[in-house]
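Student: Before we start, here is the structure in question, set down as structure tokens.
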DNA sequence: CAGATGCCCTGGGCGC
DNA sequence: TGCGCCCAGGGCATCT
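In the numbering used here, the protein residues as written are 1 to 279.
Structural data, given as structure tokens:
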């Protein structure tokens, strides 16, 4: 579930709790979670004895710089990164565990195994550079400053429908099914509105709403849906779901116009919007 | 290039 | 209590 605000909330927790800590051992027991590596033991060999120095994020991907290595984590649909003092039993589906000096554990728990953990093989990964495996990602709306005019120009150059474009990680990194619906509702635009049909003001407004919503969600620790599967590193759910105006609100009243929220199957998943105030 | 499918997985909720 | 469906934050490959 995790999209940019959830990944950023996890990043902040990791930054506060793991920077400066030495890695004593890595237990990579879930082969599918480390599928980019032929040998899961490679994570232990390469990370053992290093110290976490920087915790970064590009879109939905998290990066931990440790020594010469960059560990990349994607939470997929059901992934969690949970801290523990190591005294409680590891939850089911703890596929990768970083064990720090002193006993603190960072557990990658992922029932559906759509997420993954891998060490970058990028040529000489340096502090500021993106790992090579993340080179395909578009700009990150919270960390890569982009003038509104440039965003509008890029957006209007594309003929594809707005929701597909917002969710295209090569165009823009970090937006998924929840926030695309919330952003489009705030901007008064339908999911299937062609990007090229927007005028300059509409495109700029869409950008403004995107930044506002992403920042507001980060402030509230992201969104946890009814299953409460998303948690931060301390195991706490997010609170931004209380602010959702369309997502998972089929049949409820639109706070903006009093219309009724509709759910529509699209692209193999659900899209929520208000047919009255989104054009 | 744009769009529609289907697949990779486990688990929770619901109707019967 | 159990069984069979349907659904789920993502991403990728493969068709038209």
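Glycine included, every Cβ here is placed at the ideal spot set by N, Cα and C. Being a predicted model, the structure only gives us computed values, none of them experimental.
Is residue 253 helix, strand or coil by DSSP?
Tutor: What you label residue 253 is simply residue 253 of the first chain in a count that begins at 1. Residue state, collapsed to three classes: strand.
Student: Do you know how far the Cα of residue 180 is from the Cα of residue 194?
Tutor: Taking the first residue of the first chain as 1, we reach residue 194 at position 194. Taking the first residue of the first chain as 1, we reach residue 180 at position 180. Rounded to the nearest angstrom, the two C-alpha atoms are 14 angstroms apart.
Student: On the three-state DSSP scale, how would you describe residue 151?
Tutor: Taking the first chain and counting its residues from 1, one reaches residue 151 at position 151. If DSSP states are grouped into helix, strand and coil, residue 151 belongs with the helices.
Student: Identify which residue in 173, 65, 93 has its Cα closest to the Cα of residue 111.
Tutor: Numbered from 1 along the first chain, position 111 holds the residue referred to as residue 111. Answer by Cα proximity: 93.
Student: Roughly how many angstroms separate the alpha carbons of residue 19 and residue 52, rounded to a whole number?
Tutor: For the purposes of this step, residue 19 is identified with residue 19 of the first chain, where counting begins at 1. For the purposes of this step, residue 52 is identified with residue 52 of the first chain, where counting begins at 1. Distance between the alpha carbons of residue 19 and residue 52 is about 5 angstroms.
Student: Beta-carbon separation of residue 41 and residue 96 under 7 angstroms?
Tutor: Taking the first residue of the first chain as 1, we reach residue 41 at position 41. Taking the first residue of the first chain as 1, we reach residue 96 at position 96. It is not a contact, given that the beta carbons lie outside the stated cut-off.
Student: Fully enclosed by the stretch 9-52, which alpha helix (DSSP H) runs are 4 residues long or longer?
Tutor: The qualifying runs are 42-47.
Student: Measuring only the C-alpha atoms, how far is residue 143 from residue 251?
Tutor: For this step, residue 143 is matched to residue 143 along the first chain. For this step, residue 251 is matched to residue 251 along the first chain. Cα to Cα, residue 143 sits roughly 36 angstroms from residue 251.
Student: Beta strand (DSSP E) containing residue 73: first to last residue?
Tutor: Locating residue 73 in the first chain gives position 73, where the first residue counts as 1. Unbroken beta strand (DSSP E) run through residue 73: 69-74.
Student: What residue does the beta strand (DSSP E) around residue 184 start on, and which one ends it?
Tutor: Looking up residue 184 in the first chain gives position 184. Segment 177-187 is the alpha helix (DSSP H) holding residue 184; no beta strand (DSSP E) there.
Student: Exposed or buried, which one is residue 63 when buried takes at least 16 other CB atoms within 10 Å?
Tutor: Counting from one through the first chain, the residue named residue 63 turns up at place 63. Per the 10 Å Cβ criterion, buried.
Student: Taking the alpha helix (DSSP H) that residue 164 falls in, what are its first and last residues?
Tutor: As a working mapping, residue 164 is identified with position 164 in the first chain. Per DSSP, residue 164 belongs to the alpha helix (DSSP H) from 162-167.
Student: Using DSSP with H/G/I as helix, E/B as strand and the rest coil, what is residue 158?
Tutor: As a first step, residue 158 is located in the first chain; it is residue number 158 there, counting from the start. In this structure, residue 158 counts as coil in the three-state DSSP scheme.
Student: Using a threshold of 7 angstroms, state whether the C-beta atoms of residue 15 and residue 55 are closer than that.
Tutor: Within the first chain, residue 15 is the residue found at index 15, counting from 1. Within the first chain, residue 55 is the residue found at index 55, counting from 1. Yes, these two residues count as a Cβ contact at 7 angstroms.
Student: Reducing DSSP to helix, strand and coil, say where residue 96 ends up.
Tutor: Stepping through the first chain from its first residue, residue 96 is reached at position 96. If DSSP states are grouped into helix, strand and coil, residue 96 belongs with the strands.
Student: Which stretch, first to last residue, makes up the beta strand (DSSP E) that contains residue 205?
Tutor: In the first chain, the residue the question calls residue 205 occupies position 205. It is not in any beta strand (DSSP E) - residue 205 instead sits in the alpha helix (DSSP H) that spans 200-219.
Student: With DSSP as the reference, identify every bridge partner of residue 269, one or two as the case may be.
Tutor: Here residue 269 corresponds to residue number 269 of the first chain, with the count starting at 1. In DSSP, residue 269 forms a bridge with 266.
Student: Would you check if there are 3 or more beta carbon pairs closer than 8 angstroms linking the stretch 158-176 to the stretch 132-150?
Tutor: Counting Cβ pairs under 8 angstroms, three or more are found: they touch.
Student: Using C-beta distances below 6 angstroms, list every residue in its chain close to residue 22, excluding the 5 sequence neighbours before and after it, in chain order.
Tutor: Taking the first chain and counting its residues from 1, the one referred to as residue 22 is at position 22. Hits under 6 angstroms: 51, 101.
Student: How about residue 75 and residue 2: are their beta carbons less than 7 angstroms apart?
Tutor: Numbered from 1 along the first chain, position 75 holds the residue referred to as residue 75. Numbered from 1 along the first chain, position 2 holds the residue referred to as residue 2. Their beta carbons are under 7 angstroms apart, which means residue 75 touches residue 2 by this criterion.
Student: Which of the three DSSP states is assigned to residue 57 in this structure?
Tutor: To locate residue 57, count along the first chain from 1; it is residue 57. Three-state result, residue 57: strand.
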